[in-house]
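Numbering (this note's numbering), first residue to last: 5 to 132.
Beta carbons: idealized from backbone N, C-alpha and C, even for Gly.
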Amino acid sequence: MRSRYTAYVRGAIDYLIETHDASTRGPLDRASIAAWSRETQWLGLEIVETVRGGEGDDDGIVEFVARGSSGGKPFEHRERSQFRRSDGRWFYVDGTQPREPARVTVAVGRNDPCPCGSGVKYKRCHGR
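Laid out in structure tokens, this is it:
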């Protein structure tokens, strides 16, 4: 994953296409990939989780967050990518957007303590 991120940063489009698994490559839009790579200011890569992908494995999963700015707007691209090893090389198969954890909301009454921890009633703190 790190090598593909670096390829995006450096504009190494040939490498990105060559490391895309043939079974899911299809007709990649080289011009769009090149434009996105060139027009993006890349700000960093964070590996969130890896599953398999070691020396003895033929497949693996990498969840990552790539940060950047495109068209003056910052973004975070989070993806869970599948990779497959063939002839000793790793190939990108596909990726999905991981689901956000379910958000639990708790109703706070006006006279309940404020959830911010101030010790003041909600109505006098954040409930205005």
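If you compare the alpha carbons of Q45, L49 and R84 with that of G64, the shortest gap goes to R84. Secondary-structure assignment with DSSP links L49 through a beta bridge to A70.
Assignment of beta strand (DSSP E) within the segment 90-128, counting only whole runs of 3 or more residues, yields 93-100 in chain order. 8 Å or more divides the Cβ of L20 from the Cβ of Y9.
Residues of the same chain with a CB within less than 6 Å of the CB of H24, apart from the 5 flanking positions on each side, are Y96 in chain order.
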